[in-house]
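Remarks on the structure that follows.
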Amino acid sequence: MHGVRPDALSSWHRCDSLQAGTHPMDKAKIAKLAKSLAKHTAEKVRLRDVDLSPKLDKKEYKERRKAYQEQLLRLQLEIRNHHIPSVIVVEGWDAAGKGGTIHRLVDKFDPRSYHVHPVAAPSHEERAHHYLWRFWRDLPARGRIAVFDRSWYGRVLVERVEGYAKTAEWQRAYDEINQFEHQLAVDGHLIIKFFLHISKGEQKQRFQARSSNPLKAWKMTDEDYRNRRKWSQYESAIDDMIARTHTQQAPWYVIPANDKRYARVAVQQICIHRFTQALADRL
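Everything in the sequence shown is counted per the numbering used here, starting at 18 for the first residue and increasing by one.
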């Protein structure tokens with residue numbers, strides 16, 4: 018990514034100035050962060066430009082994770098009290114660490130107020146409907162948080178690259194998705210979208226580690242290797258997806274995820290900022 022320091026918690030947006038002890042309603046801090054975020058727009062960045070070198074050592078990771086999880090719980094309770102429905106989308110390469118990142122994000126949440134939705138290939142019934150139909154059913158009630166492990170963006174990723182959707186279908190999906198997310202935002206939903214980015218070499222190492230571990234081999238499928246063979250096609254599809262669906266109401270955050278510890282706290286930190294901002298907007 019152009020102009021982003023390796024030590025910053027970087028994405029399409031930067032949230033490196035947010036500290037664990039910040040009071041949720043500190044409007045001066047929110048204004049400073051908003052100015053920082055505006056410096057990095059999706060239109061100017063491609064995956065190949067993202068710096069994947071950022072790392073956190075184990076000690077710093079544990080300290081940040083604990084502090085951020087405590088703050089996230091407090092914010093979750095405030096989100097519930099203020100009846101703000103929140104949608105968190107987590108996309109990323111195969112083996113990028115989506116499940117582990119989500120687990121650390123929600124680990125201390127009140128389980129009554131959130132739900133994680135792992136998204137697989139559509140069922141026969143779901144294929145008989147518009148592709149967004151199945152996601153409408155899983156949207157959160159007011160005050161609740163819905164986390165999607167993969168999402169409606171499959172339409173412009175795997176369905177585009179593998180030919181499951183016709184060209185006209187995936188091409189019009191960008192506008193359909195923007196309209197869908199606009200409807201949610203106008204209705205008061207907070208929308209946070211992440212893409213976990215790793216290098217092709219890092220993915221190969223993780224595939225090998227999974228395959229050689231009897232307790233993790235189940236995670237590997239033929240589709241993982243199929244997708245890997247089409248890396249450049251997926252990279253182009255991801256760049257298009259982010260450029261065409263990155264909006265002020267539903268921005269994308271690309272997370273350098275070669276280091277899992279770094280990626281996990283980056284996602285936590287960005288959620289802290291967005292939750293804090295959403296609550297401040299209600300005051």
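Cβ coordinates follow ideal geometry from the N, Cα and C atoms, glycine included.
Fill in: Limits of the unbroken alpha helix (DSSP H) element including Gly117
Position 100 of the sequence shown, counted from the start, is the residue given in the question as residue 117. Run containing Gly117: 115-123, per the alpha helix (DSSP H) assignment.
Discussion item. Taking the straight line between their C-alpha atoms, what separation do you get for Ile47 and Gln294?
Written reply: Within the sequence shown, the letter at position 30 stands for residue 47. Within the sequence shown, the letter at position 277 stands for residue 294. Low per-residue confidence applies at Ile47: pLDDT is 48, beneath 50, and the placement is therefore not dependable, though the value from the model is reported in the following sentence. If I take the Cα positions, the gap works out to 6 Å.
Worksheet entry | Reduced DSSP secondary structure (H/G/I, E/B, other) of Tyr181 | Here residue 181 corresponds to residue number 164 of the sequence shown, with the count starting at 1. Note: Tyr181 maps to coil in three-state DSSP.
Discussion item. Taking the alpha-carbon of Lys179 as reference, which of Asn244, Lys236, Gly109, Pro273 has the nearest alpha-carbon?
Written reply: Here residue 179 refers to the residue found at position 162 of the sequence shown. Going by the sequence as given, residue 179 is Glu instead of Lys. Of the candidates Asn244, Lys236, Gly109, Pro273, the one whose C-alpha sits nearest the C-alpha of Glu179 is Asn244.
Worksheet entry | Alpha-carbon spacing of Glu77 relative to Lys83, whole angstroms | In the sequence shown, residue 77 corresponds to position 60, counting from 1. In the sequence shown, residue 83 corresponds to position 66, counting from 1. Roughly 10 Å separates the two Cα atoms.
Worksheet item: What is the DSSP secondary structure of Asp276, reduced to helix, strand or coil?
Response: Position 259 of the sequence shown, counted from the first residue, corresponds to residue 276. Asp276: coil per DSSP, three-state reduction.
Worksheet entry | Straight-line gap, Lys206 to Pro102 (C-alpha atoms, nearest Å) | As a working mapping, residue 206 is identified with position 189 in the sequence shown. As a working mapping, residue 102 is identified with position 85 in the sequence shown. A small fix is needed here, since residue 206 is His in this sequence, not Lys. Roughly 5 Å separates the two Cα atoms.
Practice prompt. From the DSSP output, in three-state form, read off Glu176 for me.
Written response: Indexing the sequence shown from 1 puts residue 176 at position 159. Looking at Glu176 - three-state DSSP - the assignment turns out to be helix.
Practice prompt. Measure the alpha-carbon distance for Pro14 versus Ala113 and round it to whole angstroms.
Written response: It is not possible to answer for residue 14, since the shown part of the chain is limited to 18 through 300.
Worksheet item: Do you know offhand how far Leu90's Cα is from Leu64's?
Response: As a first step, residue 90 must be located in the sequence shown, where it is residue number 73. As a first step, residue 64 must be located in the sequence shown, where it is residue number 47. If I take the Cα positions, the gap works out to 32 Å.
Fill in: In DSSP terms, what Glu108 is bridged to
Looking up residue 108 in the sequence shown gives position 91. Note: Glu108 sits in a beta bridge opposite Phe212.
Worksheet item: Could you give the C-beta distance for Leu232 and Glu193, rounded to a whole number, given that I count them as a contact under 8 Å?
Response: In the sequence shown, residue 232 corresponds to position 215, counting from 1. In the sequence shown, residue 193 corresponds to position 176, counting from 1. Between Glu193 and Leu232 the Cβ distance is about 40 Å, and since that is not below 8 Å, they are no contact.
Discussion item. Contact between the segment 220-237 and the segment 171-189 is defined here as three or more beta-carbon pairs at a separation below 8 Å; is this criterion met?
Written reply: no
Discussion item. Taking 7 Å as the cut-off, is the beta-carbon of Ile215 closer than that to any non-hydrogen atom of the ligand FMN?
Written reply: Within the structure as shown, the ligand FMN is missing, as the structure has no ligands at all.
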